[in-house]
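Participant:
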Amino acid sequence: MNAAAPVIETLGLVKDFGRTRALDGLDLSVAAGEIHGFLGPNGAGKSTTLRILLGLIRPTTGTVRVLGMDPWGDPVSTHRDIAYVPGDVSLWPNLSGGEVIDLLTGLRGGADETLRRELIEEFEFDPRKKARTYSKGNRQKVALIAAFSRPARLYLLDEPSAGLDPVMDAVFRRQIERVSRDGATVLLSSHILSEVEQLCDRITIIRSGKAVESGTLGELRHLKRTHFRVTGLAEPAQLAALPGTHGISINGASAEFDADAADLGAVLAGIAEPGISGLSVAPPSLESLFLRHYSDRNDSEVR
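Just so you know, we're using my numbering here: the sequence shown kicks off at 15 and counts up by one.
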């Protein structure tokens, strides 16, 4: 694979299940070495995309390349360098957790025993118990330990921290940072927006099977509105005359409002008064960026 080529690239990806269209021309590009957040409401097509990237299902139309290969045409070669963690982990009930970890890592050539021991300790996991006795969080730990016990070039993670408590979620985040430092590429699908905001270099938001936003968090913030809170305005009602202002709320000499990125200069000049006693400016959070696309819940429920 060319060093400059994306680790993951889909072009015009379409997937139909009968009359239901799960993916509708999805374009996705994930560069080598980046942690890429993959966001969308339930039914947006995230899990369908990951299954196609794994070669588990075939797209209806469109092209997909993973590590320079076609995952449907050559799944064995592709899977050697991929670690996958689903959000809903099912285990062989009569095997111990340790046996399941060994079975899963064996499919990729076996675990690094030092890493395996360290991960079991960090995740506070008992590998001797039968899988049928594990809670959801412990089942998730099995998949995470198996994924991180052997280095991979690409980590495909579908709600990987589901069921983890905050302490274990912090362990998970440290492991993501570790594999990223080692040069791996990560595609992270998660509903925990703080997790994505902390970890990810770039983000793609999909809705109804299409990418609706893609870029760094800074780039996405630049496209959206900034929130202002101002106190001490002589004539707060005049804010309405400033270009790009929205949602103005006035309380005496104080006001709150949002401003378009393109008009920030004019807004700042317009509120520059000698009597201003307080000013706070907040860039849009990932949550606000995401909820802009999440608010319309008319999507079909296709995962």
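From the three backbone atoms N, C-alpha and C, an ideal C-beta is built for every residue, glycine too.
Does DSSP classify Glu270 as helix, strand or coil?
Facilitator: Glu270: strand per DSSP, three-state reduction.
Participant: Under 6 Å Cβ to Cβ from Gly177, same chain only, skipping five residues before and after it: list those, please.
Facilitator: Counting only Cβ-Cβ distances below 6 Å, and skipping sequence neighbours, we find Lys150, Gly151 and Gln154.
Participant: If we ignore side chains and look at the alpha-carbon of each, how far apart do Cys214 and Arg187 end up?
Facilitator: Whole-angstrom Cα-Cα distance: 11 Å.
Participant: Check for me: the beta strand (DSSP E) holding Glu23 runs from which residue to which?
Facilitator: Ile22 to Phe31 is the span of the beta strand (DSSP E), which, as asked, contains Glu23.
Participant: How is Phe137 classed by DSSP in three states: helix, strand or coil?
Facilitator: Three-state DSSP puts Phe137 in coil, outside helix and strand.
Participant: My output table needs one value for Val103: the three-state DSSP class, helix, strand or coil.
Facilitator: Of the three classes helix, strand and coil, the one that applies to Val103 here is coil, per DSSP.
Participant: Would Ile22 and Arg94 qualify as a contact pair, given that the criterion is a beta-carbon distance under 9 Å?
Facilitator: No.
Participant: Starting from the C-beta of Gly292, find all residues in its chain whose C-beta is less than 6 Å away, skip the five residues before and the five after it, and write them out in chain order.
Facilitator: Excluding residues within five positions, the ones whose Cβ falls inside 6 Å are Thr245.
Participant: Going by DSSP, what residues sit across from His260 in a beta bridge?
Facilitator: In the DSSP output, where bridge partners are listed per residue, His260 has Asp272.
Participant: Nearest to Thr74 by CA position, among Asp140, Arg130, Ala36 and Leu121, is which residue?
Facilitator: For the residues Asp140, Arg130, Ala36 and Leu121, the minimum Cα distance to Thr74 belongs to Ala36.
Participant: Where does the unbroken alpha helix (DSSP H) through Glu113 begin, and where does it stop?
Facilitator: Residues Gly111 to Gly120.
Participant: Would you kindly check if the distance between the Cβ of Leu202 and the Cβ of Phe52 is under 9 Å?
Facilitator: Taking 9 Å as the Cβ cut-off, Phe52 and Leu202 qualify as a contacting pair.
Participant: So, with DSSP's three-state summary, where would you put Arg164?
Facilitator: Arg164 falls in the coil class under three-state DSSP.
Participant: I'd like to confirm the pairing. Which residues does DSSP put opposite Ser228 in its beta bridges?
Facilitator: DSSP, once it has assigned bridges, lists Thr218 as partnering Ser228.
Participant: Relative to the C-alpha of Ser104, which candidate in Ala280, Ala157, Asp140 and Arg130 has its C-alpha closest?
Facilitator: The option with the nearest alpha carbon to Ser104 is Ala157.
Participant: Going by other Cβ atoms of all chains shown within 10 Å of its Cβ, with 16 needed for buried, is Val181 buried or exposed?
Facilitator: Exposed: under 16 other Cβ atoms inside 10 Å.
Participant: Compare the C-alpha of Met83 against each of Ser163, Ser302, Leu168 and Arg33 and name the closest.
Facilitator: That would be Leu168, whose Cα lies nearest to the Cα of Met83.
Participant: Measuring CB to CB, does Leu170 end up less than 9 Å from Leu67?
Facilitator: The answer is yes: Cβ separation under 9 Å.
Participant: Considering only the beta carbon of each residue, do Thr240 and Ala296 sit closer than 9 Å?
Facilitator: Yes, these two residues count as a Cβ contact at 9 Å.
Participant: Buried or exposed for His50, going by 16 or more other Cβ atoms inside 10 Å?
Facilitator: So His50 ends up on the buried side.
Participant: Taking the alpha carbon of Gly112 as the point to measure from, which residue in Arg164, Arg130 and Arg122 has its own alpha carbon closest?
Facilitator: Of the candidates Arg164, Arg130 and Arg122, the one whose C-alpha sits nearest the C-alpha of Gly112 is Arg130.
Participant: If distances are taken between C-alpha atoms only, which option among Ala273, Asp183 and Gly26 comes closest to Ser43?
Facilitator: Nearest of Ala273, Asp183 and Gly26 to Ser43, Cα basis: Gly26.
Participant: With respect to the alpha helix (DSSP H) encompassing Ser91, which residues constitute its N-terminal and C-terminal limits?
Facilitator: Start and end: Pro89 to His93.
Participant: Return yes when the C-beta of Ser208 is under 8 Å from any heavy atom of the ligand COA, and no when it is not.
Facilitator: Among the ligands in the structure shown, none appear at all, so the ligand COA cannot be discussed.
Participant: Based on the DSSP output, what are the partners of Ser43 in its beta bridges?
Facilitator: DSSP lists Glu23 as partners of Ser43.
Participant: At the level of alpha carbons, what is the spacing between Leu133 and Gly101?
Facilitator: Answer to the nearest angstrom: the Cα atoms are 19 Å apart.
Participant: Please state if the CB of Ala97 and the CB of Arg65 are separated by a distance shorter than 9 Å.
Facilitator: No, the pair does not count as a contact, with Cβ atoms beyond the cut-off.
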